[in-house]
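Q:
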Amino acid sequence: MDKVFLGIDVGSVSTNVVAINEKHEVLSKQYIRTNGQPLESVKTGIRNLRQDLEGKYTVSGVGATGSGRQLIGIMVGADVIKNEITAHATATIHYVPEANTIFEIGGQDSKIIFLNKGLITDFAMNTVCAAGTGSFLDHQAERLGIPIQQFGEYALRAKRKVRIAGRCTVFAESDMISKQQFGFSKEEIINGLCEALVRNYINNLGRGKKLKPPYVFQGGVAANVGIRAAFEKELGEEVRIPQYYDVMGALGAAILAKEALEHSGEKTKFRGFEAADIEFTPTSFECSGCSNLCEVIKVEIDGETAAMWGDKCAKWTNSVKAT
Amino acid sequence: MKVTFPYMGTTLVYKKLVEMLGHEAVSPPKPSQKTIDLGVKHSPEFACFPMKVIMGSYLEAVEKGAEVILTSGGHGPCRAGFYGEMHKRILQNLGYDVDVIVFDSIRRDFKSVVNNIKRLKGDNSWLKLWKILKLVYKMAYHVDELEMQLQTKRAYELQKGSCSRTWEKIQRLYETVYTEAELIQAHEQAQKWIAEIAIKEVPESQKIRIGIVGEIYVVMEPTVNMKMEETLGNLGCEVRRGHYLSHWIEHNIVPRPFSKSREHILLEKGEKYIEIQIGGHAKETMGHIVDYYDQGFDGIIHLMPFGCLPELVSQSIMPKLMEDTGMPVLTIALDEQTGLANNLTRVEAFLDLIRSSKNNKLSKVS
C-alpha cells in the first residue's frame with residue numbers, strides 16, 4: 001500500500017484536513033467550518049478522510065498546525081506540531097517554489113511572509129485588530145445582505161471608485177452607510193471595501209518593507225476575486241493563487257511531518273483513524289502551588305491523563321512524562 | 001524612611017542598597033495581573049505600559065507602608081523622564097502622602113544627584129556610603145554575571161525549570177549578603193549550584209543565540225514580557241539581554257573620567273543608524289543589535305511597549321538594518337492587551353526561520 005501523510009490545520013474559522021502522497025500530490029482535502037468546536041470538526045475531517053483512504057493507503061505521518069495545534073496534535077498523535085507561519089511557508093515553497101512574497105489572509109489573522117530562494121527571511125502578523133481579515137468581510141457581507149461567495153464578483157462589477165475608511169470595522173461601517181447615502185451602488189461599495197482591506201493589509205503588515213514579486217495569495221480569503229483584483233491594482237503585478245490556496249497550512253503540516261520522519265527515521269505516532277472515536281476530554285484547573293496561579297490544561301484519553309501544559313514551572317508537564 | 005522602588009528584574013540590588021543605608025526597604029510584590037489591573041485603572045489611557053505597571057507596583061508598595069519612592073529619570077524626549085512626577089501626583093490625588101526621589105544620570109544633573117544622595121545617606125559617613133556603594137555595585141555585577149551563565153545553560157537543561165529554580169535560589173542567597181567576605185562565599189556557592197545543573201550536549205553548529213533588545217523595563221521585567229528569556233531558553237536558545245542593572249550603574253553612576261563605559265561603546269556602534277539620542281533606549285537598541293551581530297548572534301527579539309515613540313523609530317529602521325546585516329529581527333509590542341498565544345506563534349516561527357537559514361548556510365559550506 002502506498003504511503004500517505006496527513007496534515008491538520010485547526011483555525012478559528014475553518015478546520016482543514018489533507019492527505020498527500022510521497023510526491024506531494026493531494027489525495028484528499030477536507031474544508032470544514034470549525035464553528036467553535038475544534039475537536040468535533042477534526043473528528044468529522046478524519047472520518048471523511050477514512051472513507052477516501054482506508055484500505056488503499058497507509059498513514060505514515062501526521063502534522064498539526066493552527067491555533068488548536070497542541071490539543072489536536074495530542075488527540076491524533078501528530079509527529080510534528082508546528083506554528084501556522086512555518087506551515088504556510090513550507091507549502092508555498094513546495095507548490096510555488098519561485099514565490100518571494102506570500103499574502104495569507106485567514107478568518108481572524110493575516111500574515112505576510114517574505115521568502116528568498118526557498119527560505120523564510122521575514123514575516124509579520126496582524127497585531128492590533130481584525131480589520132484586514134476574513135471576518136471583516138464576512139461581517140460586511142452580512143450587513144449588505146449578500147452571500148460571501150459572491151462578494152468578489154460584486155466588486156468586479158463596480159463602475160466608479162469610492163474610498164472607504166478601512167482602519168477599523170466599526171468606522172468602515174459608518175463610512176459605508178454615509179457612502180450609500182451619497183448614492184453609490186452596492187457593487188461600488190464592495191469594491192471600495194476590498195481596496196480598503198488591501199490598503200490596510202499592506203500598511204499594517206508591509207510596514208515599509210520591500211515587497212518583491214512573484215506574489216502568492218492564499219488562505220480562505222484568496223477565494224475572493226475582488227480582493228485579488230485590489231491587490232493586483234495596488235501592486236501593479238500579477239498575484240498568483242495556488243490550486244489548494246484554502247488548505248495550504250494543512251499541506252505544509254503534512255510536508256513537515258514527512259520531512260521530519262524521513263530525517264529521523266522514526267515511525268509515526270498516529271493513533272489511527274480510530275482517533276475519531278476515542279473519548280477525549282480536555283479540562284483545565286487553576287494551580288494553587290504559587291502566586292502565578294497558572295491555568296493548567298489537562299487532557300484525558302479514555303480516562304487516562306495523556307498530557308498537561310500551561311504551567312510556568314513545568315511541575316505538571318513533567319509529571320506526565322514520568323509515568 | 002520606608003523606601004520602595006520599581007520592580008524591574010531582580011530587586012535584590014536596590015533592596016540591599018536601601019537596607020544598608022539604614023532605611024526600611026518595602027519591596028513591591030512581583031508584578032502580577034493584579035498589579036497591572038491596578039496600574040491601568042489609575043494611569044492615563046495613552047501612557048505607555050511601563051508607566052502603568054510601575055504605577056501598580058507603587059500602589060501595592062504604599063499599601064504596604066512605603067513613604068519614599070526611589071526611581072531613575074529618563075533622558076531625552078522619552079515620556080519616562082516625566083513619570084516620576086506623574087506617579088507622585090497620581091498617588092497624592094489618591095490621598096497617599098509619598099515623596100519621589102528621581103535619580104537622573106550624574107553626567108546630566110550633578111547637583112540633583114548629590115542632593116538625592118545626601119538625603120538617602122542620612123547620618124552615614126561618606127566613607128561608609130562609598131563602601132556600601134562598592135559592595136552593591138559588585139553584587140549587581142556578580143548577580144548579572146551569574147544570570148548570564150543561567151541564560152546560556154537554560155537552553156540545554158535536561159530537566160525543564162532547573163535553571164529558573166537555581167536563579168530563585170541564588171537571589172535568596174544574595175539577600176543574606178552584607179560584607180565582602182559573604183559576597184565571595186555566596187558567589188562560590190552559586191557557582192557550585194550552577195555547575196550541578198545537568199545539561200545535554202549540543203554541537204556548536206546547532207546552538208542558537210538570541211539577543212533581547214528594546215525599552216529597558218519591558219526587556220528586564222519578565223512578568224511583563226511573557227517571560228521571554230525563559231520562553232526562548234525552553235525552546236533551546238541561549239539568551240542575552242540588552243540591559244543589565246550593572247551595565248546601567250556603570251554607565252550612569254560610576255565616575256569615569258578617562259575611559260569609555262561599555263554602554264558608551266555600544267552607543268557609538270548604533271550611530272550608523274541613529275546619530276543622536278532621540279530619547280528612551282532607541283539608540284542603545286541599534287547599538288546592541290550591531291554589537292550582537294559582531295558577536296555572531298543568530299537573531300534579535302526587539303521588545304517595546306505599545307506606542308513607545310523611541311522604539312517605534314528604531315522599529316522603522318529595522319528593515320534597513322536587516323538588509324545591511326542579514327540579521328533576523330522580530331519586533332513585539334507589549335501592553336496590557338497582549339495575547340500570549342499569538343506572540344508565541346511568532347516566536348516559534350521566528351526560531352524556525354533562524355534554524356532553517358542556519359542549516360542552509362551549513363549545508364552550503366560542506
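Protein sequences appear in the order of chains E and Z.
If you count the first sequence from 1, position 288 lands on 288 in the UniProt record's numbering, and the numbers rise without skipping.
If you count the second sequence from 1, position 3 lands on 3 in the UniProt record's numbering, and the numbers rise without skipping.
Glycine included, every Cβ here is placed at the ideal spot set by N, Cα and C.
State yes or no: is the beta carbon of P203/Z nearer than 8 angstroms to at least one beta carbon in chain E?
A: Among the CB atoms of chain E, none fall inside 8 angstroms of the CB of P203/Z.
Q: For the stretch 234-265 of chain E, list every residue whose C-beta sits within 8 angstroms of some C-beta in chain Z, in sequence order.
A: So the list is empty, because no residue satisfies the distance condition.
Q: So who's on the other strand from F103/Z, going by DSSP bridges?
A: S72/Z
Q: Apply the 10 Å Cβ neighbour rule to M1/E and answer buried if 16 or more other Cβ atoms are within range, or exposed otherwise.
A: exposed
Q: According to DSSP, is Y178/Z part of a helix, a strand, or is it coil?
A: Shown here, Y178/Z sits in coil according to DSSP, grouped into three states, outside any helix or strand.
Q: With a CB to CB cut of under 7 angstroms and the five nearest residues on each side skipped, what residues in its chain are close to D335/Z?
A: F49, P305 and F306
Q: Count the other C-beta atoms from every protein chain shown that fall within 10 angstroms of the C-beta of A341/Z, then say buried if there are 16 or more, exposed otherwise.
A: exposed
Q: What do you get for L293/E, buried or exposed, if any count of 16 or more other CB atoms within 10 angstroms of its CB means buried?
A: So L293/E ends up on the exposed side.
Q: Going by beta-carbon coordinates alone, are I208/Z and R346/Z separated by less than 8 angstroms?
A: no
Q: For S356/Z, decide whether its Cβ has a neighbour in chain E, counting only Cβ atoms nearer than 8 angstroms.
A: yes
Q: Counting along the chain, where does the alpha helix (DSSP H) carrying N124/Z start and finish?
A: Boundaries cannot be given for N124/Z, as no alpha helix (DSSP H) includes it and DSSP labels it neither H nor E.
Q: Do you know offhand how far K3/E's Cα is from G11/E's?
A: 26 angstroms
Q: Got a sec? Which residues, its chain only, sit under 6 angstroms from L309/Z by beta carbon, not counting five neighbours each side?
A: none
Q: Could you tell me whether any Cβ in chain Z is nearer than 8 angstroms to the Cβ of G208/E?
A: yes
Q: Let me confirm a value: C194/E is counted as buried when at least 16 other C-beta atoms fall within 10 Å, else exposed. Which label applies?
A: The residue in question, C194/E, is buried, as its Cβ has 16 or more Cβ neighbours within 10 Å.
Q: Flag E336/Z as yes if its beta-carbon sits less than 8 angstroms from any beta-carbon of chain E, otherwise no.
A: no
Q: What is the residue span of the alpha helix (DSSP H) that K179/E lies within?
A: T169 to Q181
Q: Identify the continuous alpha helix (DSSP H) that holds L264/E and give its terminal residues.
A: With the sequence shown as reference, residue 264/E is identified as Ser, and Leu is not the correct amino acid for it. Per DSSP, S264/E belongs to the alpha helix (DSSP H) from M248 to S264.
Q: So does the stretch 125-143 of chain Z actually touch the stretch 227-239 of chain Z, counting three or more Cβ pairs closer than 8 angstroms?
A: The stretch 125-143 of chain Z, when compared against the stretch 227-239 of chain Z, does not touch it at the 8 angstroms Cβ threshold.
Q: Taking the beta strand (DSSP E) that V296/E falls in, what are its first and last residues?
A: E295 to I301
Q: Determine the burial state of N200/E: buried for a count of at least 16 other Cβ atoms within 10 Å of its Cβ, exposed for fewer.
A: buried
Q: Using beta carbons (cut-off 8 angstroms, strictly below), is D298/Z in contact with chain E?
A: no
Q: What does A47/Z touch in chain E if you count any residue whose Cβ is under 7 angstroms from its own?
A: Those within 7 angstroms of A47/Z in chain E number zero; the least Cβ separation is about 18 angstroms.
Q: Give the interface partners of T86/E over in chain Z, defined as CB-CB distance under 7 angstroms, in chain order.
A: A349 and D352
Q: What is the DSSP secondary structure of V98/Z, reduced to helix, strand or coil?
A: coil
Q: Kindly indicate if chain Z contains any beta-carbon less than 8 angstroms away from that of L49/E.
A: no
Q: With a cut-off of 8 angstroms, does the C-beta of A61/Z fall near any C-beta of chain E?
A: Output row for A61/Z: interface = no.
Q: Go ahead and pull the three-state DSSP assignment for S366/Z.
A: Legend: pLDDT at S366/Z = 49, less than 50; position of this residue unreliable, no value from coordinates given.
Q: I'd like the ranges of any beta strand (DSSP E) spanning at least 3 consecutive residues and lying wholly in the stretch 293-334 of chain Z.
A: 299-305 and 329-334
Q: Exposed or buried, what is P77/Z when buried is set at 16 or more other beta-carbons lying within 10 Å of its beta-carbon?
A: exposed
Q: Using beta-carbon positions only, say whether Y293/Z and M327/Z come within less than 8 angstroms of one another.
A: yes
Q: Does any heavy atom of the ligand NAP sit closer than 7 angstroms to the C-beta of E221/Z?
A: With respect to the ligand NAP, the structure shown offers nothing to examine, as it has no ligands at all.
Q: T11/Z by DSSP, collapsed to three states: which one?
A: coil
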